[in-house]
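> Heads up: the sequence shown at position 83 corresponds to 94 in this note's numbering, and the numbers run straight through without jumps. My questions all concern the structure below.
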Amino acid sequence: LAHVHLAKFLSLRSRELRPGAELLLVMVGHPNEFANPSDGGPGPLSRAMKRCVDRGELREDVLHQTVIPYFLRTTSDVKAALKIA
C-alpha cells in the first residue's frame, strides 16, 4: 500500500512539472529517530502539537484524535514505487 501511495504521488507530481524540470523530495527514511525518539517520548509532530496545546493554540481533544499516517521509507521502497509510477 505504501508503494502504491508513493507511486501515485510521484505520478501526479510529474504531471505538474514543465518539460526538463526536476523535483527534489525530502523524505524521512527508516531507520531514524523520527519514529522512535531516543528519549522514548513521542515523535516530532506530537511534540509540536503538544506545544500548541500548551500555548492555547490547539484543543487537547484535537491532539488526541489526530491520526496522520506516514511511511518511513527505505531506498528500496522508493525504487519500487518509481517502477510502478
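By construction, the Cβ of each residue, glycine as well, lies at the ideal position given by its N, Cα and C atoms.
Using three-state DSSP, classify R70 as helix, strand or coil.
Three-state DSSP puts R70 in coil, outside helix and strand.
> Taking 6 Å as the cut-off, does the CB of A96 come closer than this to any heavy atom belonging to the ligand GDP?
What this structure holds is no ligand at all, so the ligand GDP is not there to describe.
> Please state whether DSSP places R84 in a helix, a strand or coil.
Three-state DSSP puts R84 in a strand.
> Tell me the DSSP secondary structure of R62 in three-state form.
DSSP places R62 in helix when its eight states are reduced to three.
> If you reduce the DSSP assignment to three classes, tell me which class S49 lands in.
The answer is coil: DSSP assigns S49 none of H, G, I, E or B.
> Please work out which residues of its chain come closer than 8 Å, Cβ to Cβ, to L93, disregarding the five sequence neighbours upstream and downstream, and give them in chain order.
Once the five neighbours on either side are set aside, the close Cβ partners of L93 are A18 and L21.
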